[in-house]
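Okay, so here's the structure we're looking at.
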Amino acid sequence: MHEMGIMNDVLITCENIAREAGKDRITHVALTIGEMTDIQDFALEFAFEALRDGTMAQDATLEMVFVEPRSRCNSCGKVYEHDRYTMLCPHCGSFEVTLLQGRELQIDTIEAEDEEDQA
Amino acid sequence: MTTIDVKTPILDLNEKLARENRARFDENGVFVVDLMASPGAGKTSTILATIDALRDDYRIAVIEGDIASNVDAQKIKEYGIPAVQINTGGACHLEANMIKRAIETLDLSELDLIILENVGNLVCPTEFDLGEHAKVMILSIPEGHDKPYKYPNIFQISEAVILNKYDTLPVFDFDEEAFEGQLATLNPKAPLFKMAATRGAGVEPWTEWLRSRIEEQRSAISCD
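Below is the structure:
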């Protein structure tokens, strides 16, 4: 359910950035999302379709790249990929681990146009 | 068409406001805890038990997040503790801007501890920094021992876990060993506090943990 709040912030930020760049229409939004955020692609897509009307992104497309969790073991130093649920080191069993990736929630790029582009 | 490189965290707006909230808390030496749980797990009862244990030593306020009503804030006020009710109007979690507005009504210089009672939900509150110093979650025995398997995120990001309604253990099919094993896998560092908040049983280890965090925050300001 938090996908609505997240998408609301995505659209506000994208509009601000497009406006600063002198653009009036957003055609594409690309996001990176870590799997450990529990964001569901279908729910985010739904939120995008529901909220984009009346914004600069009303005809935009949405691209989502999901990032698998990866951690480094602070005991044995090994780096490993894991699922959302189990962080402990598969090599030595240590709980002392540092998450390297998997909690991303980032707007990567947007594609935008102004009137000249559309002409 | 132009491609604009954004590379901005999605929750940038929320995180900026959360940092501002935290800076205000730090300036005033207030320790802030965000309490998260399902509806009915005993958030308000835990808050009342916490107030009982700490009110003689610390100045406490509570910010209550609910979709509607001011039932919880009333309960806290009847206890003689300042309480601010936030109605999220359908939103399933608190956000930093709501806290920012709520603390405008409190005199932070007159407080040592603020307890934020998040909206009852095991999913959405995990993603939003409110400016708190610690997120703590409550699971209650009737909800079942399988919750860490189903909602791992909230167990991972909580600094401490309260297992409430512990007095009901004999009547529910709650596998304590399985629960503690899964919690250790997800979040080995988090202390686990077993209590029955409405009976005031087992509350002390939790309030002692909180007390040490409040003292840390107070000593940080007196060193400045």
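Respectively, the protein sequence lines represent chains A and B.
To convert, note that position 14 of the first sequence is 14 in this note's numbering; the numbers rise steadily by one, no gaps.
Residues are numbered in this note's numbering as their position in the second sequence, beginning at 1, plus a constant of 119.
Note that beta-carbon positions come from the ideal geometry of N, C-alpha and C, so glycine has one too.
Note that this is a predicted model, so its numbers are computed, not measured.
C-alpha distance - I200/B paired with N237/B, whole-angstrom precision: Reading the second sequence from its first residue, position 81 is the one you call residue 200/B. Reading the second sequence from its first residue, position 118 is the one you call residue 237/B. Rounded to the nearest angstrom, the two C-alpha atoms are 18 Å apart.
Residues near R70/A in its chain [Cβ-Cβ closer than 8 Å; skip 5 each side]: In the first sequence, residue 70/A corresponds to position 70, counting from 1. Result list for R70/A: V79, Y80, E81, H82, L99, L100, Q101 and G102, in chain order.
Cβ-based burial, N74/A [other Cβ within 10 Å; buried from 16]: Here residue 74/A refers to the residue found at position 74 of the first sequence. Classification for N74/A: exposed.
Alpha-carbon spacing of V125/B relative to F144/B, whole angstroms: Here the question's residue 125/B lines up with position 6 in the second sequence. Here the question's residue 144/B lines up with position 25 in the second sequence. Spanning the two alpha carbons is a distance of roughly 31 Å.
G34/A CB to nearest heavy atom of the ligand GDP below 7 Å: The ligand GDP is not among the ligands present in this structure, which contains no ligands whatsoever.
Own chain partners of N216/B with C-beta closer than 7 Å, once the 5 adjacent residues on each side are dropped: Here residue 216/B refers to the residue found at position 97 when the second sequence is read from its first residue. Excluding sequence neighbours, N216/B sits near L136.
C-beta atoms of D108/A and L44/A nearer than 8 Å: To locate residue 108/A, count along the first sequence from 1; it is residue 108. To locate residue 44/A, count along the first sequence from 1; it is residue 44. Their beta carbons are not under 8 Å apart, which means D108/A does not touch L44/A by this criterion.
Nonlocal neighbours in the same chain, by C-beta distance under 7 Å from D114/A, ignoring five residues either side: As a working note, residue 114/A is residue 114 in the first sequence. Here the set comprises G22, K23 and D24.
Limits of the unbroken beta strand (DSSP E) element including Q193/B: Position 74 of the second sequence, counting from 1, holds the residue named residue 193/B. From DSSP, Q193/B is part of no beta strand (DSSP E) but of the alpha helix (DSSP H) over V190 to E197.
Per DSSP, the bridge partner or partners of C73/A: Translated into the one-based positions of the first sequence, residue 73/A becomes position 73. Answer is V97/A, bridged to C73/A.
Nearest-angstrom Cβ-Cβ length linking F312/B and I281/B, presumed shorter than 8 Å: As a working note, residue 312/B is residue 193 in the second sequence. As a working note, residue 281/B is residue 162 in the second sequence. With a Cβ gap of about 5 Å, F312/B and I281/B count as contacting.
Sequence-distant residues of the same chain with beta carbon closer than 8 Å to G321/B, five excluded per side: The residue labelled residue 321/B in the question sits at position 202 within the second sequence. Taken in chain order, the residues that qualify are Y285, F312, K313, M314 and A315.
8 Å Cβ cutoff, L88/A in contact with chain B: One-based indexing of the first sequence puts residue 88/A at position 88. Interface residue, yes.
R84/A at chain B interface by Cβ criterion, 8 Å: Taking the first residue of the first sequence as position 1, residue 84/A is located at position 84. With 8 Å as the cut-off, R84/A counts as an interface residue toward chain B.
Segment contact, 8 Å Cβ cut-off, at least three pairs: the region 243–262 of chain B with the region 283–299 of chain B: yes
Within chain B, partners of T13/A - CB distance below 8 Å: Sequence index remark: in the first sequence, residue 13/A carries index 13 (1-based). Result: V125, T127, I129, D131 and L132.
A47/A (DSSP reduced to helix, strand or coil): Along the first sequence, read from residue 1 onward, the residue named residue 47/A stands at position 47. Three-state result, A47/A: helix.
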